[in-house]
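**Q** Residue numbering for the sequence shown follows numbering that gives the first Met the number 0, beginning at 0 and increasing consecutively.
Here a beta-carbon is modelled for each residue, glycine too, at the ideal position from N, C-alpha and C.
Being a predicted model, the structure only gives us computed values, none of them experimental.
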Amino acid sequence: MPTENLFISHHPLIQHKLSILRDKRTEPKKFRELIREISVLLAYEATSDLGLTSVAVETPLSTARCCQLTEAIGLVPILRAGLGMVEGVWEMMPGAEVWHIGLFRDEHTLRPVQYYNKLPIAPTVQVCLILDPMLATGGSAVATADILKKWGAQRIKYVGIIGAPEGVARLHEAHPDVPIHLAELDERLNEVGYIVPGLGDAGDRQFGTA
Ligand code: PRP
Ligand code: URA
0 MPTENLFISH HPLIQHKLSI LRDKRTEPKK FRELIREISV LLAYEATSDL
50 GLTSVAVETP LSTARCCQLT EAIGLVPILR AGLGMVEGVW EMMPGAEVWH
100 IGLFRDEHTL RPVQYYNKLP IAPTVQVCLI LDPMLATGGS AVATADILKK
150 WGAQRIKYVG IIGAPEGVAR LHEAHPDVPI HLAELDERLN EVGYIVPGLG
200 DAGDRQFGTA
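#1: Looking at the ligand PRP, does it come within less than 8 Å of Asp203, judged from the CB to the closest heavy atom?
#2: If I measure Cβ to Cβ from Ala45 and keep anything under 8 Å in the same chain, skipping five residues before and after, which residues do I get?
#3: Around the Cβ of Ser8, are there at least 16 other Cβ atoms within 10 angstroms (buried) or fewer (exposed)?
#4: What's the gap between the Cα of Leu17 and the Cα of Ala182?
#5: Hey, Leu134 and Val88 are a contact pair by Cβ (cut 8 Å); roughly how many whole angstroms apart?
#6: Please classify Arg64 as buried or exposed, where buried requires at least 16 neighbouring CB atoms within 10 angstroms.
#7: Over what stretch of residues does the alpha helix (DSSP H) that includes His15 continue unbroken?
#8: Mark His107 as exposed unless 16 or more other C-beta atoms lie within 10 angstroms of its C-beta, in which case mark it buried.
#9: If you measure from the CB of Gly162, is any heavy atom of the ligand URA nearer than 8 Å?
#10: Verify the contact flag: Phe103, CB atom, against every heavy atom of the ligand PRP, threshold strictly below 8 Å.
#11: Entirely within the stretch 44-90 and at least 3 residues each: give me those beta strand (DSSP E) ranges in chain order.
#12: Relative to the C-alpha of Met84, which residue among His99, Thr62, His171 is closest?
#13: How far does the beta strand (DSSP E) with Arg154 in it reach, from first residue to last?
#14: I'd like the list of long-range same chain contacts for Pro175, defined as Cβ closer than 7 Å, with 5 residues on each side in sequence excluded.
#15: Taking the straight line between their C-alpha atoms, what separation do you get for Cys66 and Arg187?
#16: How would you write the range of the beta strand (DSSP E) that Pro111 sits in, first residue to last?
#17: Between which two residues does the beta strand (DSSP E) harbouring Leu128 extend?
#18: If we count the other Cβ atoms within 10 Å of its Cβ and call it buried at 16 or more, is Ala201 buried or exposed?
#19: Consult DSSP for Glu3 and reduce its assignment to one of helix, strand or coil.
#20: Alpha carbon to alpha carbon, how far is Thr62 from Pro27? Give it in angstroms, no decimals.
#21: Would you decide whether Gly81 is buried or exposed? Buried here means 16 or more other CB atoms lie within 10 Å of its CB.
#22: List the DSSP bridge partners of Val195.
Now the structure itself:
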C-alpha cells in the first residue's frame with residue numbers, strides 16, 4: 000500500500016478521542032461530539048499548507064504585518080456520515096463554501112450510488128476538503144474526487160477518520176495528487192466491506208439509525 004501522500008495523525012488528543020469514538024457503548028450524542036472534535040483537529044493539520052498573503056493591519060498601537068488566507072475553500076461532505084464533520088471545521092474557516100455530495104454504497108456491489116450533487120457549472124473554490132469519516136473500499140472517495148476534478152477543482156484533500164488499506168490504495172491509485180489525512184489506518188475490510196476493527200457504521204452511529 001502506498002504511504003506517499005498519506006498522513007496519519009499521531010496527535011494524542013486525536014488518538015484519545017478515537018478510542019472513545021470506536022467504543023460500541025458510545026451513544027450518538029457523544030459520537031457526534033467526537034466526530035466534530037476529531038474533524039477540527041484533522042482539518043487543522045490538513046490545512047497547514049494553505050496559501051497566505053501578507054497584509055498590513057492597524058493595531059491600536061502601530062502597524063502589524065500579518066497573513067491572511069488567499070484561497071477560497073470548499074468543504075465537501077459526503078452524505079450522510081460526512082455531515083457531522085462540517086460544523087466544527089466550518090467554524091475554523093467561516094468563509095468556506097459547503098458543497099454536499101450525496102452517495103450511498105450499494106450493499107451488494109459496494110459501489111457508490113450518487114443521489115445528490117448541486118455543484119454549479121464553474122468551480123467557485125480553489126481548495127476542496129472532502130469530508131467523510133470512513134475510507135473503506137475507497138469507492139465513495141474516488142467518485143467524489145472524480146466529480147470535483149470534472150467540476151474543475153484545482154486542489155483536493157481528503158479528510159477522513161478511519162481508513163482501510165484497500166481504500167487508501169484505491170484513492171491513491173486513482174488520485175495520487177490527493178493527500179489523505181486520517182486519524183488511523185486500520186487492518187482490513189471484512190467480507191461485507193466494513194472496516195475492521197473500525198467503529199461500525201458511521202452514519203447510523205451519528206444519526207441513531209442503527
Ligand atoms: C459510508 C461512509 C462512506 C462510505 C465509505 O457511507 O460514510 O461514504 O460508506 O465506503 P467506501 O469507501 O467503500 O465507499 P454509506 O454508504 O454507509 O452511506 P451513509 O453515510 O449515508 O450511511
Ligand atoms: N462505512 C461505514 O460507515 N463503516 C465502515 O466500516 C465502512 C463503510
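**A** Based on what the coordinates show:
#1: As a position in the sequence shown, residue 203 is number 204, starting the count at 1. Correct: Asp203 has its Cβ closer than 8 Å to the ligand PRP.
#2: Reading the sequence shown from its first residue, position 46 is the one you call residue 45. Non-local C-beta neighbours of Ala45 in its own chain, meaning closer than 8 Å and more than five positions away in sequence, comprise Phe6, Leu128, Lys156, Val158, Pro178, His180, ordered along the chain.
#3: Sequence index remark: in the sequence shown, residue 8 carries index 9 (1-based). Only buried fits Ser8, as 16 or more other CB atoms lie within 10 angstroms of its CB.
#4: In the sequence shown, residue 17 corresponds to position 18, counting from 1. In the sequence shown, residue 182 corresponds to position 183, counting from 1. Going from the Cα of Leu17 to the Cα of Ala182 covers about 8 Å.
#5: Within the sequence shown, the letter at position 135 stands for residue 134. Within the sequence shown, the letter at position 89 stands for residue 88. Not confirmed; about 17 Å, so no contact.
#6: For this step, residue 64 is matched to residue 65 along the sequence shown. Exposed, by the Cβ-count rule.
#7: As a position in the sequence shown, residue 15 is number 16, starting the count at 1. Segment 11-21, the alpha helix (DSSP H) holding His15.
#8: Along the sequence shown, read from residue 1 onward, the residue named residue 107 stands at position 108. Exposed is the call here.
#9: For the purposes of this step, residue 162 is taken as the residue at position 163 of the sequence shown. Gly162 Cβ: outside cutoff for every heavy atom of the ligand URA.
#10: Translated into the one-based positions of the sequence shown, residue 103 becomes position 104. Yes, the Cβ of Phe103 comes within 8 Å of a heavy atom of the ligand PRP.
#11: Taking 3 residues as the minimum length, the beta strand (DSSP E) runs contained wholly in the stretch 44-90 are 51-57, 62-68, 72-78, in order along the chain.
#12: Within the sequence shown, residue 84 is the residue found at index 85, counting from 1. Closest option to Met84, judged by alpha-carbon separation, among His99, Thr62, His171: His99.
#13: Walking along the sequence shown from the start, residue 154 turns up at place 155. Start and end: 154-158.
#14: The sequence position of residue 175 within the sequence shown is 176, counting from 1. Asn4.
#15: Working through the sequence shown from its first residue, we reach residue 66 at position 67. Working through the sequence shown from its first residue, we reach residue 187 at position 188. Rounded to the nearest whole angstrom, the C-alpha separation of Cys66 and Arg187 is 42 Å.
#16: Counted from its first residue, the sequence shown places residue 111 at position 112. Segment 111-116, the beta strand (DSSP E) holding Pro111.
#17: Looking up residue 128 in the sequence shown gives position 129. Judged by DSSP secondary structure, Leu128 falls within the beta strand (DSSP E) whose first and last residues are 126-130.
#18: Position 202 of the sequence shown, counting from 1, holds the residue named residue 201. Counting Cβ neighbours within 10 Å, Ala201 comes out buried, since at least 16 surround it.
#19: The residue given as residue 3 occupies position 4 in the sequence shown. Looking at Glu3 - three-state DSSP - the assignment turns out to be coil, as it is neither helix nor strand.
#20: Taking the sequence shown and counting its residues from 1, the one referred to as residue 27 is at position 28. Taking the sequence shown and counting its residues from 1, the one referred to as residue 62 is at position 63. Cα to Cα, the separation comes out at about 48 Å.
#21: Here residue 81 refers to the residue found at position 82 when the sequence shown is read from its first residue. Classification for Gly81: buried.
#22: Stepping through the sequence shown from its first residue, residue 195 is reached at position 196. Under DSSP, Val195 shares a beta bridge with Arg187.
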